[in-house]
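Just add 4 to wherever you are in the sequence shown, counting from 1, and you've got my numbering.
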Amino acid sequence: MTDEPTFQDRARAAETAMRAVFPPTPLQRNALLSDRYDADIWLKREDLSPVRSYKIRGALNAMRKLPEKELFVCASAGNHAQGVAFMCRHFGKRGVIFMPVTTPQQKVMKTRMFGEGHIEIHMTGDYFDETLAAAQEWCAREGGHFLAPFDDDDVIEGQASLAVEIYDQLGQMPDMVFLPVGGGGMSSGVYSWLNKRSACRFVEPLGGACLHAALTSKSPVTLGHVDNFVDGAAVARIGAKPFDLLSDVPVHDVLVLSEDRICRTILEMLNVEGIVLEPAGALAVEALDELRDEIRGKTVVAVTSGGNFDFERLPEVKERAQRYMGVKKYFILRLPQRPGALKEFLNILGPEDDIARFEYLKKSARNFGSVLIGIETTQPDNFDKLFARLNAAGLTYEDITDDETVAQFVL
Numbered sequence: 005m006t007d008e009p010t011f012q013d014r015a016r017a018a019e020t021a022m023r024a025v026f027p028p029t030p031l032q033r034n035a036l037l038s039d040r041y042d043a044d045i046w047l048k049r050e051d052l053s054p055v056r057s058y059k060i061r062g063a064l065n066a067m068r069k070l071p072e073k074e075l076f077v078c079a080s081a082g083n084h085a086q087g088v089a090f091m092c093r094h095f096g097k098r099g100v101i102f103m104p105v106t107t108p109q110q111k112v113m114k115t116r117m118f119g120e121g122h123i124e125i126h127m128t129g130d131y132f133d134e135t136l137a138a139a140q141e142w143c144a145r146e147g148g149h150f151l152a153p154f155d156d157d158d159v160i161e162g163q164a165s166l167a168v169e170i171y172d173q174l175g176q177m178p179d180m181v182f183l184p185v186g187g188g189g190m191s192s193g194v195y196s197w198l199n200k201r202s203a204c205r206f207v208e209p210l211g212g213a214c215l216h217a218a219l220t221s222k223s224p225v226t227l228g229h230v231d232n233f234v235d236g237a238a239v240a241r242i243g244a245k246p247f248d249l250l251s252d253v254p255v256h257d258v259l260v261l262s263e264d265r266i267c268r269t270i271l272e273m274l275n276v277e278g279i280v281l282e283p284a285g286a287l288a289v290e291a292l293d294e295l296r297d298e299i300r301g302k303t304v305v306a307v308t309s310g311g312n313f314d315f316e317r318l319p320e321v322k323e324r325a326q327r328y329m330g331v332k333k334y335f336i337l338r339l340p341q342r343p344g345a346l347k348e349f350l351n352i353l354g355p356e357d358d359i360a361r362f363e364y365l366k367k368s369a370r371n372f373g374s375v376l377i378g379i380e381t382t383q384p385d386n387f388d389k390l391f392a393r394l395n396a397a398g399l400t401y402e403d404i405t406d407d408e409t410v411a412q413f414v415l
């Protein structure tokens, strides 16, 4: 009687099966990050898979293990949809993909392109929960196989193939691996395959920290609000199966980063390294800075989980990065309604201060008018000097940069 294959065995079998579809994604040493952190930093480039994310792995493994199934159904606004579409074409299966009506057309078109006539797309629901419910109802009625993006044993096993490649490419176990977390499929698979042979650090966006919440509560919980900016990791509830595998993770090993902070890495990777990362793909790289003392002198792998970035979002990414770094601020200024007042204000600006926005919020015959001012500069401490000059001039102003309520209406 043969022994039952272990999880490690099954993940390696999945990795072997993937070679019929795509080569291993690159594991690249990054000189910029290695020098910055005095460590040996490697990027596992899942952004260079055929669908520009690791999601193809789980879809491939699940579908290859269900050869008798002819119809696969999923709900996704992005990477999972593209992975399922690609594999439906590869295996000659029929796929039905449900996407929220708010999904950017770029992602819809890419999903349709990867499926090449083997899939149909249903646009339904303003929010993902509505889309998911519609997909599951349709699947139950039509008799297809619902392919969950992360809460599925075969999907988790497929995502774990990423760890197999890291080991084979590096020739050893890294000291530490940084893993972005959404629903937990990839992070739980890699964590399980490594089996504590490498230390793992898990990274979540502030607006979708479902693993941190689950570990704190000792069971999965549904977040009351999710910020969808980091769309590849903005999940309200960690999957039940992934959490079973991650339940022994110390909560302090989960790093939670603000959405604005992640934008800093997106810009640097694009402008300096020529690497296009989506917000979720930048999570692990940005987290290195959080543990710079802990990683010094070690061999570290950061998983860049995806590169499906819509360049229409670039102005917003730049804006968020500048605000996080403290080199762009907005404030409401009460400006005297008299000739020469604007010129006097312009003379207060420093040599490195540029006006990015100037808009009267109220125009009237009163003595003072409210003006929305946006200023970009080169160093955060330039604002201390600017505000000191404004105070000396007796001008009244209010910094609204971090006031989310006000910013929703005026920025």
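Here a beta-carbon is modelled for each residue, glycine too, at the ideal position from N, C-alpha and C.
Pairwise C-alpha distance: residue j and residue i
i	j	result
Gly-82	Leu-353	44 Å
Gly-188	Thr-400	49 Å
Lys-97	Cys-78	13 Å
Pro-343	Ile-336	20 Å
Leu-219	Val-225	9 Å
Thr-115	Thr-107	11 Å
Leu-259	Leu-350	42 Å
Phe-154	Val-239	11 Å
Pro-178	Glu-290	18 Å
Met-103	Asp-133	11 Å
Glu-348	Leu-365	19 Å
Ala-288	Leu-52	16 Å
Asp-44	Glu-208	23 Å
Arg-241	Gln-176	34 Å
Lys-389	Met-113	49 Å
Phe-150	Val-230	24 Å
Glu-141	Val-105	17 Å
Where residue i falls: helix, strand or coil (DSSP)
i	result
Met-5	Bear in mind that the predicted position of Met-5 carries a pLDDT of just 47, short of 50, making it unreliable; the figure below should be weighed with that in mind. The answer is coil: DSSP assigns Met-5 none of H, G, I, E or B.
Tyr-131	coil
Glu-169	helix
Leu-70	coil
Arg-241	coil
His-122	coil
Asp-407	coil
Pro-343	coil
Ile-279	coil
Phe-233	coil
Spatially closest choice to residue i from the options, by CA coordinates
i	options	result
Leu-250	Ile-160, Asp-357 and Val-88	Ile-160
Glu-74	Phe-90, Ala-18, Gly-148 and Glu-19	Gly-148
Gly-243	Gly-175, Glu-169, Ile-359 and Asp-156	Asp-156
Met-117	Ile-101, Gln-341, Thr-128 and Gly-129	Ile-101
Ala-217	Val-331, Pro-254, Thr-409 and Ala-138	Pro-254
Ala-85	Leu-47, Pro-246, His-126 and Leu-261	His-126
Ser-262	Asn-275, Phe-233 and Phe-95	Phe-233
Asp-235	Ser-221, Asp-248, Ile-266 and Asp-257	Ile-266
Expected contact under 8 Å - CB spacing of residue i and residue j to nearest Å
i	j	result
Arg-327	Asp-264	6 Å
Gln-32	Arg-56	Rounded, the Cβ-Cβ distance is 16 Å, inconsistent with contact.
Gly-373	Ala-360	That pair is no contact at about 19 Å.
Any non-hydrogen atom of the ligand ZN within 6 Å of residue i CB
i	result
Lys-302	Questions concerning the ligand ZN fall outside what the structure shown contains, since it holds no ligand whatsoever.
Contact with chain D by residue i, beta-carbon distance below 7 Å
i	result
His-84	Any reference to chain D falls outside this structure, which holds one protein chain only.
- Task: Decide yes or no for the touch test of the stretch 283-296 against the stretch 19-30: beta carbon pairs closer than 8 Å, at least 3 of them.
- Result: no
- Message: I want to know whether the stretch 198-209 touches the stretch 167-184 - three or more CB-CB distances under 8 Å.
- Response: A contact exists between the stretch 198-209 and the stretch 167-184.
- Task: Kindly confirm or deny that the stretch 190-199 and the stretch 160-179 touch, where touching means at least three C-beta pairs closer than 8 Å.
- Result: The stretch 190-199 is in contact with the stretch 160-179.
- Should the stretch 318-326 be regarded as contacting the stretch 59-71, the criterion being three or more beta carbon pairs within less than 8 Å? no
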